[in-house]
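**Q** Numbering (the working numbering), first residue to last: 39 to 167.
Ideal Cβ placement from N, Cα and C applies to all residues, glycine included.
Structure below.
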């Protein structure tokens, strides 16, 4: 289990796409993930940048995806990640019912999010993939 003073190799250098448009949320989260041993791609704040990273970063091993980026639903990004077999974790302030049924198996974290819980989930998903 991770702690606030977690070891810095827990993420094992896994490349994680961080797609979040709220700077206050993402700045602390990215710092925490990197201290935990993840290599973060982004953060990206819109669909176009997220899709670009998916296309051009061949070694993505997971993604932390806000379901609303810049006023647009991010489900096309989730679809692109799934096509490549990349595990996804959703973050949102919305209710579960706005998420299409095809994503019923995706873990969802309601904001405000706890970086320890996110890191633990990304580690677990990385070990399962």
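Quick check on DSSP: helix, strand or coil for residue 161?
**A** Residue 161: helix per DSSP, three-state reduction.
**Q** What three-state label does DSSP hand residue 128 in the structure shown?
**A** Residue 128: strand per DSSP, three-state reduction.
**Q** Output the boundary residues of the alpha helix (DSSP H) element that contains residue 118.
**A** That run of the alpha helix (DSSP H) goes 113–121.
**Q** What's the gap between the Cα of residue 74 and the Cα of residue 155?
**A** Each residue's Cα considered, the two are about 12 Å apart.
**Q** In three-state DSSP terms, what is residue 87?
**A** Of the three classes helix, strand and coil, the one that applies to residue 87 here is helix, per DSSP.
**Q** Taking the beta carbon of residue 49 as the centre, do at least 16 other beta carbons fall within 10 Å, making it buried, or is it exposed?
**A** So residue 49 ends up on the buried side.
**Q** Compare the Cα-Cα distances from residue 149 to each of 102, 125, 121, 162 and report the closest residue.
**A** Residue 149 has its Cα closest to that of 102, out of 102, 125, 121, 162.
**Q** Below 8 Å, can you find three or more Cβ-Cβ pairs linking the stretch 51–68 to the stretch 93–108?
**A** Touching, yes.
**Q** Measure the C-alpha to C-alpha separation of residue 107 and residue 146 and round it to an integer number of angstroms.
**A** So the alpha carbons of these two residues sit roughly 16 Å apart.
**Q** DSSP on residue 156, reduced to helix/strand/coil?
**A** In the structure shown, residue 156 sits in a helix (DSSP, three-state: H, G or I).
**Q** Between 163, 138, 134, which lies nearest to residue 126 when the distance is taken from Cα to Cα?
**A** It is 163.
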